[in-house]
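S.K.: Following this note's numbering, the numbering of the sequence shown begins with 871 at its first residue and continues without gaps. Ideal placement from N, C-alpha and C gives every residue a C-beta, glycine not left out.
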Amino acid sequence: MQLTGAQALIKSLETEGVEVIFGLPGGAILPVYDPILDSSIRHILVRHEQGAGHAAEGYAQVTGRPGVAMVTSGPGATNIVTPLCNAYMDSTPLVVITGQVATGSIGTDAFQECDTTGITMSATKHNWLVSSADDIPRVIREAFHVATTGRPGPVLVDLPKDVSNSMMEWYWPSEIDLPGYRPPAGGDSASIREAARLISEASRPVIYAGGGVLKSRATAALAKLVEMTGIPVVTTLMARGSFPDNHPRCLGMPGMHGNYTAVTAIQRSDLLIAIGSRFDDRVTGKVAAFAPDAKVIHIDIDPAELGKVRRAEVPIAGDCRLVLEELITVLEETARQASPASRGDNPLAQWHAEIARWQARYPLTYDRQPPDGVLKPQYVVECIRDSVDDDTILVAGVGQHQMWASQYWRFNKPNTWVNSGGLGTMGFAVPAAIGAKVAKPEATVWAIDGDGCFQMTAQELITASAEGIPVKIAILNNAYLGMVRQWQEMFYAERYSEVYLSPDLPDYVRWAEAMGCVGFRVEAPEEVSSVIEKANEIDDRPVVIDFRTDVFEKVYPMVPAGASNDDIIVDPAHGEGGA
């Protein structure tokens, strides 16, 4: 069957099971947009290429399947670099297709030409510049394989316009041949047995669960490990929902703005079981002072992560789910062989009691009855949380609102939290929420956004309105770049340089309405619940709520950048911090 390269590309995507593409056409990719008219694939026309990439990320984070985005050459390609880098940092599988000028024009500074593969080399797992239409099915199959195996991540296929227009004989490759690409699967058995030994000997163990738990679909295995051992669990920003917040062994989020108990439990642990986590600086604080008395078991699909930041006594390269399942088997064997007297009723009882004291002494808190009646952002998050069920998907931008969302929501199911972790990309929330809603149309999708973030990508709500994607956006509007302001207040003697945004410019309600959304404004605590209830009842259009929140509210707890986690600053209502 003779097809053009463009037709072969679309047929390849169909063969890979692609259901939706987020994209924006332009000259170099134009040939590919013609066969889309005859395809079963839904194309969602975004208003900016960055929106295409973040929407694809939202789709990928809630499904585990690769999100697909397609843009044109030059500025189209450069506009999607931020989502590529974001996905690379967060191990999110993406397949991005970019148009390119004709092969004979490459290197001539042709109109809308750029070195897309060169620019994206460090922000993708791999990229391809297709030189022949005959290569398209093979390249697409390889692209999906690389994006979804091993440590997931973004890939890019750059397609010159003349290759799109060339003819080829259709085929689908029966196998993939990628010499040198051999992601590990199960871990080393001897190392797993050594890990089991350390677990059996530990008196203050903590499981440090990272995003890899979700990526490997290891949540059931993690739950079983905890039920067997009673080891408490911290869930990083990228792992929220990998272990349910309502479980008595869940300590919540660690790190710079984690809760006191999660941070301190790690610091006082004698064994840290890191699963699909990478010892990010926002979790470790000062590395030399991080969990100083803990031995480390580190399980990760990416061997490059083992020993990169913290040396592990037992490094295990392998898929988290497969390694945990084998570890559970070994622990079960050990338990069967142990004498009843040696097992004890609860060998971690003292550790659990100490943790319970921290939880009682330093819970997350804020002023619930401020004397001036201002609206607290945490209260807004709690009200939205209490109005929905556990299947609701929560998306966040980046900044103070992201931390409050992670702190005050309850994540009891996996893949219900979508956010930008490693890169910290402002503007992520609105397009990512659109992608999440497209992926799970039956689920309610709320986005907690900041006024600074919202202004960066709000135009994608036009996409949501035009495409019938009813997301709900809560703007915690404090009229500032809030996290920057907090740092300036605490560490720069209140010298507020270029952080004021104004509460009224723009008018968010009128802007929302101009984009085809329903807009609300909330200025007092007593208005919050009723407006949220109205928003939850609207399911045919996007909803935007402008919550006028306390300008001066800060995120607590907080570990200052570069400081030890022992220097954690708790809310002033608790008095002095410190473990």
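Short of 6 Å in beta carbon distance, which residues of its chain neighbour Lys1310, apart from the five on each side in sequence? Order them along the chain.
M.R.: Mapped onto the sequence shown, residue 1310 falls at position 440. Within the same chain, Lys1310 has close Cβ partners Val932.
S.K.: If you check the beta carbons only, do Ala1091 and Arg1191 fall under 7 Å apart?
M.R.: Reading the sequence shown from its first residue, position 221 is the one you call residue 1091. Reading the sequence shown from its first residue, position 321 is the one you call residue 1191. Going by C-beta atoms, Ala1091 is nearer than 7 Å to Arg1191.
S.K.: For Leu1371, tell me which candidate among Tyr1041, Val1354, Arg1391, Ala1363 has the shortest Cα-Cα distance.
M.R.: Along the sequence shown, read from residue 1 onward, the residue named residue 1371 stands at position 501. Among Tyr1041, Val1354, Arg1391, Ala1363, the Cα nearest to that of Leu1371 belongs to Val1354.
S.K.: Locate the alpha helix (DSSP H) running through Cys1253, then write down its first and last residues.
M.R.: As a position in the sequence shown, residue 1253 is number 383, starting the count at 1. 1247 to 1256 is the extent of the alpha helix (DSSP H) around Cys1253.
S.K.: Express the C-alpha separation of Leu879 and Leu873 in angstroms, rounding to a whole number.
M.R.: For the purposes of this step, residue 873 is taken as residue 3 along the sequence shown, with counting starting at 1. For the purposes of this step, residue 879 is taken as residue 9 along the sequence shown, with counting starting at 1. About 9 Å.
S.K.: Could you pull out every residue in the same chain whose Cβ sits closer than 6 Å to the Cβ of Asp1256, ignoring the five residues on either side in sequence?
M.R.: In the sequence shown, the residue the question calls residue 1256 occupies position 386. Here the set comprises nothing.
S.K.: For the ligand FAD, is there a heavy atom less than 6 Å away from the beta-carbon of Ile1077?
M.R.: The ligand FAD is absent from the structure shown, which contains no ligands of any kind.
S.K.: Excluding five sequence neighbours on each side, which residues of the same chain lie with their C-beta closer than 6 Å to the C-beta of Asp1260?
M.R.: Along the sequence shown, one-based indexing puts residue 1260 at 390. Answer for Asp1260: Asn1282, Lys1283, listed in chain order.
S.K.: Suppose you measure from the CA of Gly1448 to the CA of Val941; what does that come to, to the nearest Å?
M.R.: On the sequence shown, residue 1448 is found 578 positions in, with the first residue counted as 1. On the sequence shown, residue 941 is found 71 positions in, with the first residue counted as 1. Residue confidence for Gly1448 is low, a pLDDT of 44 falling below 50, so the modelled location carries little weight; the figure read from the coordinates is stated next. One C-alpha to the other measures close to 50 Å.
S.K.: Specify the secondary structure class of His924 as computed by DSSP and reduced to three states.
M.R.: As a position in the sequence shown, residue 924 is number 54, starting the count at 1. In this structure, His924 counts as helix in the three-state DSSP scheme.
S.K.: For Met991 and Gly1292, which I take to be in contact (beta-carbon distance under 8 Å), what is that distance rounded to the nearest angstrom?
M.R.: For the purposes of this step, residue 991 is taken as the residue at position 121 of the sequence shown. For the purposes of this step, residue 1292 is taken as the residue at position 422 of the sequence shown. Between Gly1292 and Met991 the Cβ distance is about 18 Å, and since that is not below 8 Å, they are no contact.
S.K.: If the criterion is Cβ atoms closer than 7 Å, does the pair Arg1180 and Phe1149 meet it?
M.R.: Counted from its first residue, the sequence shown places residue 1180 at position 310. Counted from its first residue, the sequence shown places residue 1149 at position 279. Closer than 7 Å, so yes.
S.K.: To the nearest angstrom, how far is it from the Cα of Gly1122 to the Cα of Asp1409?
M.R.: As a first step, residue 1122 is located in the sequence shown; it is residue number 252 there, counting from the start. As a first step, residue 1409 is located in the sequence shown; it is residue number 539 there, counting from the start. C-alpha separation (whole angstroms): 32 Å.
S.K.: For the stretch 1173 to 1187 and the stretch 1100 to 1118, state whether three or more C-beta atom pairs, one from each stretch, are separated by less than 8 Å.
M.R.: With the cut-off at 8 Å, the stretch 1173 to 1187 and the stretch 1100 to 1118 do not touch.
S.K.: Using only CA atoms, which one of Ile1332, Val1300, Glu1383 lies nearest to Ala1344?
M.R.: For the purposes of this step, residue 1344 is taken as residue 474 along the sequence shown, with counting starting at 1. Of Ile1332, Val1300, Glu1383, the residue nearest in Cα terms is Val1300.
S.K.: Tell me, please, whether the stretch 990 to 1008 touches the stretch 904 to 920 by the rule of three or more beta-carbon pairs shorter than 8 Å.
M.R.: Judged by Cβ distances under 8 Å, the stretch 990 to 1008 makes no contact with the stretch 904 to 920, as fewer than three pairs qualify.
S.K.: Ignoring anything shorter than 4 residues, give me the alpha helix (DSSP H) runs that lie fully in the stretch 936 to 1019, in order along the chain.
M.R.: DSSP runs (the alpha helix (DSSP H)) wholly in the stretch 936 to 1019: 945 to 949, 951 to 960, 986 to 990, 1006 to 1018.
S.K.: If you check the beta carbons only, do Leu1346 and Pro1247 fall under 7 Å apart?
M.R.: On the sequence shown, position 476 is the one that residue 1346 refers to. On the sequence shown, position 377 is the one that residue 1247 refers to. In contact: Leu1346 and Pro1247 (Cβ atoms closer than 7 Å).
S.K.: Between the beta-carbon of Gln920 and the beta-carbon of Thr952, is there less than 7 Å?
M.R.: Taking the first residue of the sequence shown as position 1, residue 920 is located at position 50. Taking the first residue of the sequence shown as position 1, residue 952 is located at position 82. Contact: yes.
S.K.: Taking DSSP as the reference, what is the three-state secondary structure of Glu886?
M.R.: Translated into the one-based positions of the sequence shown, residue 886 becomes position 16. It is coil, neither helix nor strand.
S.K.: With H, G and I counted as helix, E and B as strand and the rest as coil, what does DSSP make of Lys1342?
M.R.: Locating residue 1342 in the sequence shown gives position 472, counting from the first residue. Lys1342 falls in the strand class under three-state DSSP.
S.K.: From the DSSP output, which residues share a beta bridge with Met1037?
M.R.: By 1-based counting over the sequence shown, the position of residue 1037 is 167. Bridge partners of Met1037: Thr874.
S.K.: Hey, out of Gln1277, Asn949, Ala925, Lys881, whose CA is closest to Asp1115's CA?
M.R.: Position 245 of the sequence shown, counting from 1, holds the residue named residue 1115. Here the closest residue by C-alpha is Gln1277.
S.K.: For Ile1101, report the span of its beta strand (DSSP E) as first-last.
M.R.: For this step, residue 1101 is matched to residue 231 along the sequence shown. It is not in any beta strand (DSSP E) - Ile1101 carries neither H nor E in the DSSP assignment.
S.K.: Quick test of your reading: Glu1064 and Val1184, contact by CB under 8 Å. State the CB separation rounded to the nearest angstrom.
M.R.: Against the sequence shown, residue 1064 aligns to sequence position 194. Against the sequence shown, residue 1184 aligns to sequence position 314. Indeed they touch by this definition, with Cβ atoms about 5 Å apart.
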